[in-house]
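The structure under discussion appears below in the form of structure tokens.
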Amino acid sequence: MTAGDGPYERFLADGAPSPLAELQDGYYALLDPRSAQLTIVGALPDWNLTAAARWNPKRVNPTPWVAVGIHQDDQLVILNLSTVSHAKLPEATSRALELQAHQFCSSVPRQWARTTRHVARYTHDGQLVVGVRKIPMKQLFSTSPEIFERVREKTFFGLPPKQRQIAQIITTYDGLTMDELVGHLQRITPEKRITKGAVHVELSRMRNSRKICICRDQNGGYSILDNSAKIGAQGAELVS
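Read the sequence shown against the numbering used here and you will find it ends at 277, with the numbers running on by one and no gaps.
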């Protein structure tokens with residue numbers, strides 16, 4: 038995937054900005070590269086929301102807002118995969134969307150499938166169709182199978198959902214203590230009560246993974262190392 042400088046580049050590098058990242062509702066959004074203003078469609082019946090995009094450093098988002106391509110007027114077009122299915126889009130574009138979701142979203146595809154209300158389609162005359170709306174596109178993003186597999190390997194996609202959330206959070210906020218880790222998990226899933234005991238059980242299970250290694254430093258901060266790396270850095274211990 039390629040895009041211009043500024044908001045385009047920031048979105049593809051860091052994921053969705055606020056307040057978009059916090060919204061569960063909405064079908065798609067437009068991001069103006071000149072003003073960094075967001076226009077969000079479908080979050081409220083018969084209304085479009087507008088807001089200035091603000092990026093916060095280091096975070097994991099629960100809702101899969103992903104960039105699908107460039108509008109004819111050069112705005113970035115962003116889909117919410119939890120409300121709009123990408124199954125009918127070109128295969129290379131579907132890969133691009135899934136890869137962004139793997140990188141920046143804590144939920145998994147089978148969760149999105151239960152909540153989608155529209156199917157996005159791309160017409161022969163360059164229109165992205167979402168429900169009754171048609172979006173004239175200049176470019177769709179795409180990702181090759183090779184890049185998809187290589188980058189996805191770094192996103193813990195093979196772990197069970199709970200363990201994947203924990204791994205994403207520890208990697209994003211390296212050095213979290215147990216209390217901090219529980220706090221981040223609670224913010225991602227406010228509808229569930231997260232306990233230290235449950236998190237410790239998942240961490241203990243994760244140490245059996247062949248791909249990652251959970252470590253804890255002298256201050257109780259957790260980190261994840263690739264199993265190919267040497268374990269036992271000064272001041273660190275394996276989680277048991």
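Quick reminder that beta carbons are idealized off the backbone N, C-alpha and C, glycines included. Given the structure is predicted, the values throughout are model-derived calculations rather than measurements.
Rounded to the nearest angstrom, how far is the Cβ of V219 from that of K233, given a contact under 8 Å?
On the sequence shown, residue 219 is found 182 positions in, with the first residue counted as 1. On the sequence shown, residue 233 is found 196 positions in, with the first residue counted as 1. Their Cβ separation, rounded to whole angstroms, is 6 Å, which keeps V219 and K233 in contact under 8 Å.
Can you grab the Cα-Cα spacing for the pair Q148 / G163, in whole Å?
Residue numbering aside, residue 148 sits at position 111 when the sequence shown is read from its first letter. Residue numbering aside, residue 163 sits at position 126 when the sequence shown is read from its first letter. About 29 Å.
Extract the residue ranges of the beta strand (DSSP E) inside the segment 200-277, only unbroken runs of 3 or more that lie entirely within it.
Here the runs fully enclosed are 249-254, 259-263 and 273-275.
Can you tell me the Cα-Cα spacing of R154 and Q255, whole angstroms?
If you number the sequence shown from 1, residue 154 lands on position 117. If you number the sequence shown from 1, residue 255 lands on position 218. One C-alpha to the other measures close to 48 Å.
Just how far apart, CA to CA, sit E274 and E239?
Residue numbering aside, residue 274 sits at position 237 when the sequence shown is read from its first letter. Residue numbering aside, residue 239 sits at position 202 when the sequence shown is read from its first letter. Low per-residue confidence applies at E274: pLDDT is 41, beneath 50, and the placement is therefore not dependable enough to give any value.
W84 in three-state terms, based on DSSP:
Working through the sequence shown from its first residue, we reach residue 84 at position 47. DSSP places W84 in the strand class (E or B) of the three-state scheme.
Once DSSP output is grouped into helix, strand and coil, what is the label at Q74?
In the sequence shown, residue 74 corresponds to position 37, counting from 1. Strand, per DSSP.
Which residue's Cα is closest to the Cα of Y45: P227, T226 and I115?
In the sequence shown, counting from the first residue as 1, residue 45 sits at position 8. The shortest C-alpha separation from Y45 is found at I115.
Which residues mark the beginning and the end of the alpha helix (DSSP H) in which H139 is found?
Along the sequence shown, read from residue 1 onward, the residue named residue 139 stands at position 102. E128 to F141 is the span of the alpha helix (DSSP H), which, as asked, contains H139.
For the pair the segment 168-180 and the segment 101-109, tell me if three or more CB-CB distances fall below 8 Å.
yes
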